Amino acid sequence: MRGLNRKLIRDLWRMRGQALAIALVTAAGTTAFITLLGTLLSLEKTQSAYYERFKFADIFANVRRAPESVANELVRIPGVKQVTTRIVFNVVVDVGGMREPINSLLISAPREGEATLNNIYIRKGRLVRPGSADEVVMIEPFAEANGLHLGSHFSATIKGHRKELKLVGTALSPEYIFFGVPGAMVPDDRRFGVMWMDRDALAAAFDLREAANDVSLSVLPTVSIDDVINKVDWLLQRFGGVGAYARKDHVSHATLNGDIEQLRTTTEIAAPLFLGVVAFLLHMLMMRHVETEREHIGVLKAFGYRNRTIAWHYMKLVLVIVGVGICAGLAGGAQLGRAVTRLFAANYHFPFLEYSLTPTVFAAAIVIQLAAAVIGAFGSLHSAVRLPPAVAMRAPPPPVYRRTILEMLGLRLINDQPTRMILRHVIRWPARSLMTSLGIALATAILIAPMAVFDSAKHMVQVHFFMAERQDLTVAFAQVRPRYASIVAIEHEPGVLRVEPFRATLANISFGKRRRRITVIGKEAVNQLSRPVLKDLEALAIPSSGIVVSSSMASWLGAGVGDFLDVQFLEGRRPMVHLPIVAVAESYVGLTFFVLHMNIHQLNRIMADGDVLTGVNLRLDPTQAYNLFDALKNVPSVTGVVSHTAQLQAMRRMMQQTTRMTLLNVVFAAIIAFGIVYNNARISLAERSRELATMRMLGFSRLQVSYILFGELALLTFAAVPLGAAIGYWLGWKLTAGASNEMFRLPLWVEWNSFGYTIVTVLATVILSSLVVVRRVFGLDLISILKTRD
50 MRGLNRKLIR DLWRMRGQAL AIALVTAAGT TAFITLLGTL LSLEKTQSAY
100 YERFKFADIF ANVRRAPESV ANELVRIPGV KQVTTRIVFN VVVDVGGMRE
150 PINSLLISAP REGEATLNNI YIRKGRLVRP GSADEVVMIE PFAEANGLHL
200 GSHFSATIKG HRKELKLVGT ALSPEYIFFG VPGAMVPDDR RFGVMWMDRD
250 ALAAAFDLRE AANDVSLSVL PTVSIDDVIN KVDWLLQRFG GVGAYARKDH
300 VSHATLNGDI EQLRTTTEIA APLFLGVVAF LLHMLMMRHV ETEREHIGVL
350 KAFGYRNRTI AWHYMKLVLV IVGVGICAGL AGGAQLGRAV TRLFAANYHF
400 PFLEYSLTPT VFAAAIVIQL AAAVIGAFGS LHSAVRLPPA VAMRAPPPPV
450 YRRTILEMLG LRLINDQPTR MILRHVIRWP ARSLMTSLGI ALATAILIAP
500 MAVFDSAKHM VQVHFFMAER QDLTVAFAQV RPRYASIVAI EHEPGVLRVE
550 PFRATLANIS FGKRRRRITV IGKEAVNQLS RPVLKDLEAL AIPSSGIVVS
600 SSMASWLGAG VGDFLDVQFL EGRRPMVHLP IVAVAESYVG LTFFVLHMNI
650 HQLNRIMADG DVLTGVNLRL DPTQAYNLFD ALKNVPSVTG VVSHTAQLQA
700 MRRMMQQTTR MTLLNVVFAA IIAFGIVYNN ARISLAERSR ELATMRMLGF
750 SRLQVSYILF GELALLTFAA VPLGAAIGYW LGWKLTAGAS NEMFRLPLWV
800 EWNSFGYTIV TVLATVILSS LVVVRRVFGL DLISILKTRD
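To convert a position in the sequence shown, counted from 1, into our numbering, add 49.
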């Protein structure tokens, strides 16, 4: 074995604690990078393949009633490749074991071998037989959640008639990778489903023979989606079209893409952060290690070793440390990536979703970590090997001391000599002190950032369920109904304590060059159950005229209070109005992200079809809720029932999963924090061991010597924590902004106790690191340390 290799092994053993800490940080960074990047690539690859194979449409449109021949007109639009017409309706399903009414979409099934868009993937059983009036194929997660299997019978209310149905197959669809009750925060496989039924049977039930109410189109990749949508809207307007929309606005696609973008943002933030920490640690380690090895470098040069040989020797030290961390990180990333992928598979329904680690992911992780290591160590090694042998073999010249600003301000008034030494050392080595504080600040920031995301999610849930949407149940009707009569009728149902009506309708809004299809909801002026809230979280009374927009919509439009929006309604007489924004409300989740509120009486006047509503929000007596559910199942006009209690329970289950991910991130952050603090403590001990030994010989006790070393670390920690809190808050803002999309927006909200937990964790890390290092202070070999360097 060559002499330098033996020296390398001895150096690694001597600094094994520091090396292990840096290896752990490298492992944490590599694990996070592989987990995030691997999951991101797996999702994108699976999504792309699934969409292509099962022909997920590019444009979707709903109409009141259009002849099937409309497909021939649509396919002639320049750029349109294929058109599929369908029949789609909301129905209420009654499944054994569930007292609550269950919402489901009922869609006309494709025929065997028929070339259609939005094909379904049969998982079990078969497609419905042509002409069968009672057979359905059900989306697999809904069937499994309700304990239904092939041959199961259940009932559904189809256009006011209760019909017995038989399950003959389960399926998945690219159109419903994510699905849930419209406007809901989270999916609930048990309470919302999708079913496919024979087209002729469905047409007979809804009086749509040789007609359709749903259209899907695929287009050439070179055409403008917006141009095609405008032509589709113009063509379908005479059939009661309510506005076509692109794939990017499809609920399932938008939600999945939102999570993919969140993963991408997290990867883009986490990767540079972890790499920066590794480079920072290695720079500090090698800068100070090379300084302590100054004489050895001089001796090696005197014996004829070349600069590049010496540099490669120390670079191997870096590569061995980082290599151990990379190997551990590769294994950890593969395991954690599979766990995260399973988490996505629980919420998104693909025929397959495997965590596939490609050589590219491994190669990227290895190359990036090695690059960070080389960059971190290069500067220190370059300056060290350039020293002439005679200079390197001499002890470094003693620093020139002079009065510091603290001494000018009265440092001498401090009678405690060790404390004065701490303050002098911090002031006289500003660059070193700054780097130490910066390292601890980074550790603090890395701890705060994941807590900020979790706190923001909790705040969002609190605002949505307990301030804005406080109803127990939302009931939607198939058509507009007389407002007063409907309220009176439902008030007399069992268990109903309060009724608040609303009217929902679709519209296109425009402001300047911005245009979007949104939902307009009309409500009473004062509501106790469902109401918009202002930024200060106070409830907002809806004015008698004008419109209320969400802060997100206002930001997207570039509009504010006092600006006028053009609102083109898409139902009934399709009126076009020019309305002022009178208030901006906070709205975080679900389809409320792009909802426009206005007074229900104003909306009814604009639509000019009477004093009507399309749904009600209810507060219930919990002891009578099931009686109301039984009654609603028999109301023909009810097409949707949403239990907000069930939604809250589903959200809490999802929050539990988020909590586990947050705890994992905190563990990674704690490892990094320990690595930074421990390395700083060990390096300080290595640098000042001669000074500390001299103080011991002068009569200072072990506790006084330890106080000088760790008092400085404590001082720098207290200085670093506020900076770290600010950096962590900024990182939390970046992460929450990256997690927001058109379906879901996280407000930045950090609880004070999160700052408290972070400070306690950092202080605990400092104390733990100090306890590990203090054993070495107590065990200083004074004789060997104080031997002359000459």
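Ideal placement from N, C-alpha and C gives every residue a C-beta, glycine not left out. Keep in mind that this is a model prediction, so the values were computed, not measured.
- In this structure, DSSP gives I171 an extended state, which the three-state scheme calls strand.
- Looking at G382, P179, D60 and T79, the one whose alpha-carbon comes closest to that of A320 is T79.
- As a beta-bridge residue in DSSP terms, M246 pairs with S157 and V185.
- Contact check for D504 and W798: beta-carbon distance about 5 Å, within the 8 Å limit, so the pair qualifies.
- Around the beta carbon of M64, 16 or more other beta carbons sit within 10 angstroms, so the residue counts as buried.
- The Cβ atoms of D658 and G621 lie closer than 8 Å to each other.
- The beta carbon of T814 lies closer than 6 Å to those of A722, F723 and V726 in the same chain, with the five residues before and after it left out.
- Short of 6 Å from the beta carbon of R211, and not among the five residues preceding or following it, lie these beta carbons of its own chain, in chain order: S204.
- Under the DSSP definition of a beta bridge, A634 partners with S599.
- In the structure shown, G180 adopts coil according to DSSP, grouped into three states.
- Nearest to L61 by alpha-carbon distance, out of T694, P592, I415 and V369, is V369.
- The beta carbons of E635 and L583 sit closer together than 8 Å.
- Per DSSP, T407 has no beta-bridge partner at all.
- For the 8 Å CB-CB criterion, D249 and E213 do not form a contact.
- Of the residues F767, S91 and Q705, the one whose Cα lies closest to the Cα of T390 is S91.
- Taking a contact to require three or more Cβ pairs closer than 8 Å, the segment 399-406 and the segment 92-109 qualify as touching.
- Shown here, T134 sits in a strand according to DSSP, grouped into three states.
- Between V502 and T785, the beta carbon gap of about 6 Å places them in contact (Cβ cut-off 8 Å).
- By the Cβ neighbour-count rule, G229 is buried, with 16 or more other Cβ atoms within 10 Å of its own.
- G544 carries a coil assignment under DSSP once its states are collapsed to helix, strand and coil.
- Here H202 is bridged, per DSSP, to K215.
- With respect to G607, R563 sits close: the two C-beta atoms are nearer than 8 Å.
- Every unbroken stretch of the beta strand (DSSP E) spanning 3 or more residues and falling wholly within the segment 246-312 is given here in chain order: 260-268.
- In the displayed model, T165 falls within coil according to three-state DSSP, outside both helix and strand.
- Under the three-state reduction of DSSP, N648 is assigned to strand.
- Distance from F82 to F323 at the Cβ level is roughly 7 Å; contact confirmed, criterion being Cβ atoms closer than 8 Å.
- In this structure, DSSP gives M484 a helical state, which the three-state scheme calls helix.
- For the pair of segments examined, the segment 264-281 was found not to touch the segment 194-203: the number of CB pairs separated by less than 8 Å stays below three.
- Within a 10 Å sphere around the beta-carbon of M602 sit 16 or more other beta-carbons, which makes this residue buried.
- DSSP places T79 inside the alpha helix (DSSP H), whose first and last residues are R65 to R102.
- For the pair L645 and V569, the CB atoms are nearer than the 8 Å cut-off.
- Taking H332 as reference, the option from G87, Q67 and Q698 with the minimal CA-CA separation is Q67.
- Between the segment 104-118 and the segment 288-306, the count of Cβ pairs shorter than 8 Å is three or higher; the stretches touch.
- For E163, there are no CB contacts under 6 Å within the same chain when 5 residues up- and downstream are skipped.
- Annotated as distal: D237 and G180, with beta-carbon spacing of 8 Å or more.
- Boundaries for G378: no beta strand (DSSP E) harbours it, while the alpha helix (DSSP H) harbouring it runs N356 to N396, taken from the DSSP string.
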